[in-house]
Structures are given as C-alpha cells and as structure tokens.
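Q:
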RNA sequence: GCGCCCGUAGCUCAAUCGGAUAGAGCAACAGCCUUCUAAGCUGUAGGUUAGUGGUUCGAUUCCACUCGGGCGUACCA
C-alpha cells in the first residue's frame, strides 16, 4: 500500500538527518489542495528539536528519495504539513490490480492464520426474533465478513441459555396452552409467553399425543418442543438475511460438562466468593468500579446468569481463539463488565475478548418514534420487517450508523423505492454499470473490454476519471481500518463516495462511442473496476449487487 | 443518587491515534432527459459542533463542570 511506501521513505529521511525516530502519521487531507496524503511529522518533532515546524519540514523534504512514478509532487504547507501528491500513473496501475484481483481486491492477510470467534444473536429460543434483535443480527453479519476480509478464520457462534427461568417459563406456557385445548379454563401463567406461536406448538403436541400428557409434572417435553419450534423460526429468519452460524452452544452443556461447578469451586478456592443469606456472592472490587458484590448462585441453588456466562467465556478462551467478540445491546453494558471481571479474577487473560456494545434502536412509523427493546412484550417480528422492506434494506439500515450511536430506523423510508432511500443510491450505481456493460456487449461487439490484453491507459485522465480511480484505490485501506475498529458503517460511508464519483463520471464522460473504440474500452475498464469495488463492498456489508433496477 | 453511552445543518448521520476552510443524504429553493438507467447530475441556502472553562502550535475529538437524552444500577437474562 502507498502509505507503507511513504512511511519508509520518510523514515529514511529522518535517519539521514539524525532526527529522533517518531511514529509517522500519514493522513488523507479533506481538501484536495492539500494533496493525497499528508504528514504532520514536522509539527510533532518541533518541540523536541526546538526548531520551527516549517524548517523541519523543509529539511525532511530535502532528504526524501521519491519515485516520481508514484509521487508526482511534494509541498510544504500551512503550519508545517508535508503534502504528497500521488501520480496518476499509480492510480491507473491500481485499476489494473482491481481487475486482476477481482473478488480478492481489498482483502488482506493481516490476520491470516488467526482464529476469531464471533458470538451474536444468541436470543433464547422463547420466541421469534423481533425488531429489537435486528441491529445486533445485521451488525454481527457485517463484522464477521469484515474479519474474514483481513484474514481471520471466523467461527460464527450462537449461545443460548436453556437452563434458566426463561426456558422454564416457555415450558409452562406451552403446557398451559396444551391444557387449554383440553380445558379452556386452564390458567395461563401470569408472566407466560403470550404469542400465538405458543398455541401452535401446543397444537402440534396435542395432535401427536392427544391428552396423554395432561397430568404432566415434568414439563421438559413441552420446553423442548418449544425450543425446537422457536429455533426453526429463528433460523428461518436468519436464513432470509443470509446468516448461518457454525456453532450453537447452550448453557446446559456447561452443567453436563461440570464447567459450572468447576468455576464455582475455583471462586471459592481462591477466596473470591462467600456465602451469605444462603446465596453465594462474588466479591467485586471497588477499585475496578463496582459498588457492590454480586450473587452468582441463588439461595435456591441455581446460578444467576453471570456464572454460566463466565464459564462460557472461559470455555471459549480455552478453545484457543486469538480474538473473541461478543455483541450486546447497551442494556447489557454493565453486566458484561461483571462477567469479564469474574473471568479475569480467575487468572484468565481477557484482553482477547472484545465486547461491542450497540445503542438501542427506535423505529419511526410515520412521525412517531417507537422504542423497541429486546424484552418488550409487544413483539414486532423481524421477519415482518424483512417481508415489508426487503432483506437488503434491513441489513443496510441497521449497519449504516456507528454502533455507538442511537439509531432511528425509518420504516417508511426503508420501504420506499425512490431516490430518498439511501440503499438505492449505492445499488443504482452498480445496476447502472451493468447496464452499460450489457449495452457494450449487445451493441458494440468489437469492443473487447473484458480481455486481459493491454489497453490504452493513457486515454484515462479526465478529472472525473482520476477522482473515481483515487477513491477506488482506497478500498483496501478502508477495509483494514473498518475491520480494525469493527465498524462496518465506514464501508457504507466509503461506498457512498464511490457511487457519487461514479455518477459524476457517468454524466461527464460518455463511455460507449462507436467512433472511438480505444477510449470506450479504457472507460469500460474503469466501469468494470468500479463495479468490482461496489460488489466487494456490498459483500462485506451484506447486501446484494443488483444487475438491473 | 451512582455507573456507562450519546448531544454536530430543519431531520437522520459522517468526520481517519488531536490537524488546515466541520462533510453527506433527506427536506427547501433554482436548473439539467432527441445521446450508455433522471433511483442520476449541477447550483443556492443552511452551523457559536448543547453550554462554560481548561490542556497546546492547533480541540467536534482529550480533561473538568453544567444542561439535555438513552441504557443500566435484581438471589431477571
């Protein structure tokens, strides 16, 4: 990448001048006049060297050994910035790289050989996924894609608590609906799950077993039937979004394997837990920001959710991943800290665990924004949203904002098939290119633009063409930085610029011209490269690349 | 009360470890289709980056406080 090149050139200059070695920061200026890449190294050296930044910058510039094929101009500017202008030849060479590497362009091997585990969705199978799950579902999909792009071997994992209250409650709810088929007056539990799907599960059981289960005291059959049915619905929803998990792991396995007991014993052996009021309490360190101790095993003998979560994270650490990612809504913002604290206090290195917290989502229907927390009873299924606005718009809208900002999901806007809908701006650019390529193939049979043979790259040079090539060449850097910060929305921001510059190019540069075959082929190459970048970007954020719209 | 997160154009949001004149889209206004998709392009207008103070060559970014919003603060998950 070009920054690596500049990095070494500047470093050599610093050595020649006997200037202290600094970590050199290379930025992309916002203003075109300030070049393509800029460094503030002279400003940061100023204090140490006790010289004016501009003088330092001049010395550095005098000692740069630059290849004019790559850097066409260097300027000293402002308070002491050194601005580099990249030569057009470099961008044209990069265009060829895109066409050669195709789907692989933008991918890197920065983390090749490393293993990552991404655990997300992880909704307990007490019912279908609903709107409140949407952000996490889509965010995780895109983050997994990003990690793969930089070389990680990614395991996609779904973890659920099948041993706790929620699943007990599911069993009771299904049983009650089953009994109501026999006796409509049978009482429904106060905090039971009220959705119609519970009735369907009960009906399925009744169809098979009739009333033979009416005196059940063990509800595990009802619970299991509910779990199976709900998982079918959840998986079907995930399928619609193109999401597949490699591993489904559950809480009860941790009991069977003795991992829960082992964790409890460890806490006790290390003197980190104590009994009080019949419960087992974990000592929480005030210095770590906790104000009081937390119960890890209730007086009833059941663990609180924290304990299995800790055992589960220990188990994942033991599996040997280089990176472990959890995605939670901000309603779990405090509890994950407790879990990590517990894991850490048992001597495990939690630095490999990265927790991504996303803020809550509101949904705008008309002019009103409606809160939709994951635990809200008024369930609006995610399936319904996918039906209503389409999988692409759902994916796009949930990913287009940074996870740490509140997201207002405008359902009407997502549904709208018009220029107001931001997802179409990107997809339209892709479809438009496909239209040009179709036209070229159908009506200009002599234009052999897909061949690997050399083309007249000297014909590329209009303002719009160069601007477009410049942004295309930034894709690899953009992927790396998005992956490093686990922020897929940056890819969308980037692709918007690509689409914008393509549309400008399109308006001002006629691609297909029967009178000018060489130029047409050169521009078709530009189109092919743009299409490739859009497609590669869409792949990451998880939306389709339509050929027509 | 305490903890975490957030506050940027009328609306929804960007802004690369602190960098040069804070950017897009939508909404508003004015233009552009006998030529490859007008789901597009061009232009205009829109800001004390919630507020006050601090740190420094330089702050939307870091620190302190104030105001406003979200989420937590269970022997629920």
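Residue numbers (the numbering used here): 13 to 561.
Ideal placement from N, C-alpha and C gives every residue a C-beta, glycine not left out.
These numbers come from a predicted model, not from an experiment.
1) Assuming residue 173 and residue 197 make a contact with CB atoms under 8 Å, what is their CB distance in whole Å?
2) Assign residue 200 to one of three DSSP states: helix, strand, or coil.
3) Does the beta-carbon distance from residue 439 to residue 514 come in below 9 Å?
4) Exposed or buried, which one is residue 328 when buried takes at least 16 other CB atoms within 10 Å?
5) Pick out whichever of 27, 30, 28, 55 has its Cα sitting closest to the Cα of residue 38.
6) Apart from the five residues just before and just after residue 202, which ones in its own chain have a Cβ nearer than 7 Å to its Cβ?
7) For residue 507 and residue 34, what's the separation of their Cα atoms in angstroms?
8) What number of angstroms, rounded off, separates the C-alpha of residue 222 from the C-alpha of residue 185?
9) For residue 212 and residue 272, what's the separation of their Cα atoms in angstroms?
10) With burial defined as no fewer than 16 other Cβ atoms inside 10 Å of the residue's Cβ, what is the status of residue 148: buried or exposed?
11) Nearest CA to the CA of residue 419: which residue from 531, 145, 488?
12) Could you spell out the range, first to last residue, of the beta strand (DSSP E) harbouring residue 577?
13) Let me know if residue 429 comes out buried or exposed under the rule of 16 or more other beta-carbons within 10 Å of its beta-carbon.
14) Skipping 5 residues on each side, what residues in its chain have a beta carbon closer than 7 Å to that of residue 291?
15) For the beta strand (DSSP E) that contains residue 463, what are its first and last residues?
16) Determine which residues share a DSSP beta bridge with residue 309 and list them.
17) Quick one: is residue 584 buried, meaning 16 or more other Cβ sit within 10 Å of its Cβ, or exposed?
18) Tell me the residue span of the alpha helix (DSSP H) that contains residue 153.
19) Runs of 3 residues minimum, wholly inside the region 29-83: which ones carry the beta strand (DSSP E) assignment?
20) What would DSSP say about residue 559, mapped onto helix, strand or coil?
21) Can you list, in chain order, the residues of its chain with a C-beta nearer than 6 Å to that of residue 509? Leave out the 5 residues immediately preceding and following it.
22) Just to check my reading of the structure: residue 487 and residue 118 have Cβ atoms closer than 8 Å, yes? What is that Cβ distance to the nearest angstrom?
23) Secondary structure at residue 386, three-state DSSP: helix, strand or coil?
24) Report, in whole angstroms, the separation of the C-beta atoms of residue 554 and residue 252, which I expect to be a contact under 8 Å.
25) Is the beta carbon of residue 471 closer than 9 Å to that of residue 530?
26) By alpha-carbon positions, which one of 278, 116, 455, 338 ends up nearest to residue 498?
27) In the DSSP assignment, the alpha helix (DSSP H) including residue 237 goes from what residue to what residue?
28) Quick check on residue 262: buried or exposed, where buried means 16 or more other Cβ atoms within 10 Å of its Cβ?
29) Using DSSP bridges, identify the partner residues of residue 393.
30) Looking only at its own chain, which residues have a Cβ that is under 7 Å from the Cβ of residue 571, when we skip the five neighbours before and after it?
31) How many angstroms separate the CA atom of residue 65 from the CA atom of residue 58?
32) Whose C-beta lies closer than 7 Å to the C-beta of residue 103 among residues of the same chain, with five residues either side of it excluded?
33) Quick one: using the 10 Å Cβ neighbour count with 16 as the cut-off for buried, is residue 350 buried or exposed?
34) What are the residues that DSSP puts in a beta bridge with residue 89?
35) Using a 10 Å radius around the Cβ and a threshold of 16 neighbouring Cβ atoms, would you call residue 527 buried or exposed?
36) Considering only DSSP beta bridges, list what residue 408 is partnered with.
A: The structure says:
1) Not quite, the Cβ-Cβ distance comes to about 32 Å (not below 8 Å), so this is no contact.
2) Three-state result, residue 200: coil.
3) No; because the gap between Cβ atoms is not below 9 Å, this pair is not in contact.
4) Per the 10 Å Cβ criterion, buried.
5) Nearest of 27, 30, 28, 55 to residue 38, Cα basis: 55.
6) Sequence-distant partners of residue 202 (beyond 5 residues in either direction) whose C-beta falls short of 7 Å from its own C-beta are missing from its chain.
7) Distance between the alpha carbons of residue 507 and residue 34 is about 33 Å.
8) Those two C-alpha atoms are separated by around 18 Å.
9) Rounded to the nearest angstrom, the two C-alpha atoms are 34 Å apart.
10) Classification of residue 148: buried, given that the 10 Å Cβ count is 16 or more.
11) Ranking 531, 145, 488 by CA distance to the CA of residue 419 puts 145 first.
12) What the structure shows of the chain is the stretch from 13 to 561, and residue 577 is not part of that stretch, so it cannot be assessed.
13) Per the 10 Å Cβ criterion, exposed.
14) Excluding sequence neighbours, residue 291 sits near 307, 309, 310, 311.
15) From DSSP, residue 463 is part of no beta strand (DSSP E); its letter is neither H nor E.
16) The partner list for residue 309 (beta bridge, DSSP) reads 292, 315.
17) Coverage of the chain is limited to positions 13 through 561, which leaves residue 584 absent and any answer about it impossible.
18) Looking at the DSSP string, the run of the alpha helix (DSSP H) that includes residue 153 is 143-161.
19) The region 29-83 contains these whole beta strand (DSSP E) runs: 49-51.
20) Coil at residue 559, not helix or strand.
21) When the five nearest sequence neighbours on each side are left out, the beta carbons in the same chain lying within less than 6 Å of the beta carbon of residue 509 are those of 483, in order along the chain.
22) That belief holds up - the Cβ atoms of residue 487 and residue 118 are roughly 5 Å apart, short of 8 Å.
23) Only weak support is given to the placement of residue 386: the predicted model assigns it a pLDDT of 42, under 50, and the value that follows is read from those uncertain coordinates. Of the three classes helix, strand and coil, the one that applies to residue 386 here is coil, per DSSP.
24) Between residue 252 and residue 554 the Cβ distance is about 12 Å, and since that is not below 8 Å, they are no contact.
25) A contact, by the Cβ cut-off of 9 Å.
26) Looking at the Cα atoms, 338 is the closest of the given residues.
27) The continuous alpha helix (DSSP H) containing residue 237 extends over residues 232-252.
28) Here residue 262 is buried: its Cβ has 16 or more other Cβ atoms, across all protein chains shown, within 10 Å.
29) Residue 393 is bridged to 142.
30) With the chain running from 13 to 561 in the structure shown, residue 571 is simply not present.
31) Residue 65 and residue 58: Cα-Cα distance of roughly 5 Å.
32) Closer than 7 Å at the Cβ level, and outside the excluded window around residue 103, lie 478, 481, 482, 485.
33) Its Cβ being crowded by 16 or more others within 10 Å, residue 350 is buried.
34) According to DSSP, which records beta bridges pairwise, residue 89 is partnered with 93.
35) Exposed, by the Cβ-count rule.
36) Looking at the DSSP output, residue 408 shares a beta bridge with no other residue.
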